[in-house]
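Beneath this line is the structure, given in C-alpha cells, with notes to follow.
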Ligand SMILES: Nc1ncnc2c1ncn2[C@@H]1O[C@H](COP(=O)(O)OP(=O)(O)OP(=O)(O)O)[C@@H](O)[C@H]1O
Ligand SMILES: [Mg+2]
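In the working numbering, the protein residues as written are 270 to 566.
In C-alpha cells form, the structure reads like this:
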C-alpha cells in the first residue's frame, strides 16, 4: 500500500481548480493535468482522514470506462501513462503516478447529468412526499430502490459548495438550449445503459450515476470522471432487496461510523478510526477489481 495523498502540490503549475477530491493544473501546452487525491467526502463534507489508493481507483476505473464504452463519442483523455508525461513532472511521480491524467480542456456545461435506473437517495425522499423535483411523471407504487421502467435523466446544478439542486429539462434548456439539453440527456442515458450492462455481468447494479460534459470546438466531450464509486451508486446484486435502502459499495462504513457520532454533518468533520479507513480502502479496491477484472497497476 502506498502512503495516502491528501494534497497534490506542483509549484511550477497554476491551479485551475481545487475540488473536493481533484486538483486541476494548467499545463503550458493548454491541456489540463487532472489529479485525484485520496480525500473522501461524506454528507458533502471533506473528511480529515484520506483513504489510501482511493484516487488511483477513481482514476483507473474512469480510464477503463472511457476506453471501454463505445457509446462515449468523445472523451477528454489525452495521456494516462505517467512515463509519457512531460519530463519536468518526473520528480512528482509519488504524487501523480496512476492517479493523474492529461486531459483536453473543455468549456464545462454547468449541469450535472444524472441518470437513474433505480429510485434512491434524494429522489426517493421527494417521491415519498409526492414531490416531482425534475418535473418527471414517475410510476405509482414504487418501493424504495426499485427500478424505473426506463432510466431517467435528472439533471442538477453544479454547486461550488453545498448541495447540487434539481432542475427540470426546461430549466436546463433555458440556460443551454433544447438541442444541447436533448443531446446530453440521450447521450447520458445511452452511456448509463451500456455501463449498467457491463456492471450487471460483474454482479453489480448501477443504480444511478452523474456525468459531466464539456464543449470543445462545439462538440460534446465526456469529462471529469466516469462511473466511479464517487459518481455512482453501485449495489452488490447479491444483497439487493427492494423496499429498503441498499448497502453501498464504498462509503457505507464511513457513513455508518459517522452516524454513531454526535456530529452535526457540518465542517470540521471528525477523524476516521483506522479500521474504518482500511475497510473503506478494501471496498474501493474490490469495486475496481470486480468491474475491470484486474488489480490496480
Ligand atoms: N476536461 C476538463 N475540462 C475542464 N474542466 C474539467 C475537465 N475535467 C474535469 N473538470 C473539472 O474539474 C473539477 C473536478 O473536481 P472534483 O471532482 O474534486 O469535483 P467537485 O466538482 O468539487 O465536486 P464533486 O465531484 O463532489 O461534485 C470539476 O469542477 C470538473 O468540472
Ligand atoms: Mg467531481
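From the three backbone atoms N, C-alpha and C, an ideal C-beta is built for every residue, glycine too.
The structure presented is a predicted model; accordingly, all values stated were derived computationally and were not measured.
Query, Result
"Residue span of the alpha helix (DSSP H) that contains residue 560, given as start and end", "543-561"
"Distance, residue 541 Cα to residue 503 Cα", "23 Å"
"Where residue 422 sits in the DSSP three-state scheme", "strand"
"Nearest residue (CA-CA) to residue 452, options 472, 511, 378 and 393", "378"
"Contact under 7 Å by Cβ, residue 403 with residue 437", "yes"
"Coarse secondary structure for residue 521, derived from DSSP in three states", "helix"
"Residue 479 and residue 500 closer than 7 Å at C-beta", "yes"
"Pair within 7 Å by beta-carbon distance, residue 459 and residue 340", "yes"
"Any 3 or more C-beta pairs closer than 8 Å across the stretch 362-371 and the stretch 518-532", "no"
"Check: residue 286 C-beta below 6 Å from any heavy atom of ligand 1", "yes"
"Same chain only: Cβ atoms within 6 Å of residue 471, ignoring 5 sequence neighbours per side", "559 and 560"
"Residue 301 in three-state terms, based on DSSP", "strand"
"Nearest-angstrom Cα separation, counted from residue 363 out to residue 329", "16 Å"
"Three-state secondary structure (DSSP) of residue 317", "coil"
"Near ligand 1: residue 345 beta-carbon under 6 Å from a heavy atom", "yes"
"Whether residue 346 touches residue 335 by CB criterion (7 Å)", "yes"
"Residue from 375, 526, 301 and 395 whose Cα sits closest to the Cα of residue 423", "395"
"Under 7 Å between C-beta atoms of residue 319 and residue 359", "no"
"Heavy atom of ligand 1 within 6 Å of residue 483 beta-carbon", "yes"
"Helix, strand or coil at residue 365 according to DSSP, with G and I counted as helix", "helix"
"Alpha-carbon to alpha-carbon, residue 526 and residue 577", "No information on residue 577 is available, as it lies outside the stretch 270 to 566 that the chain covers here."
"First through last residue of the beta strand (DSSP E) which encompasses residue 477", "473-485"
"Endpoints, the alpha helix (DSSP H) within which residue 393 is located", "390-397"
"Spatial neighbours of residue 315 in its chain, beta-carbon cut-off 6 Å, leaving aside the 5 residues before and after", "289 and 308"
"Residue 498, DSSP secondary structure in three states", "coil"
"Exposed unless 16 or more other CB atoms sit within 10 angstroms - verdict on residue 350", "exposed"
"Three CB pairs or more closer than 8 Å across the stretch 505-512 and the stretch 409-424", "yes"
"Residues that residue 239 bridges to, as DSSP identifies them", "Beyond the ends of the chain as shown, which are 270 and 566, falls residue 239; an answer cannot be given."
"Ligand 1 heavy atom lying under 6 Å from the CB of residue 368", "no"
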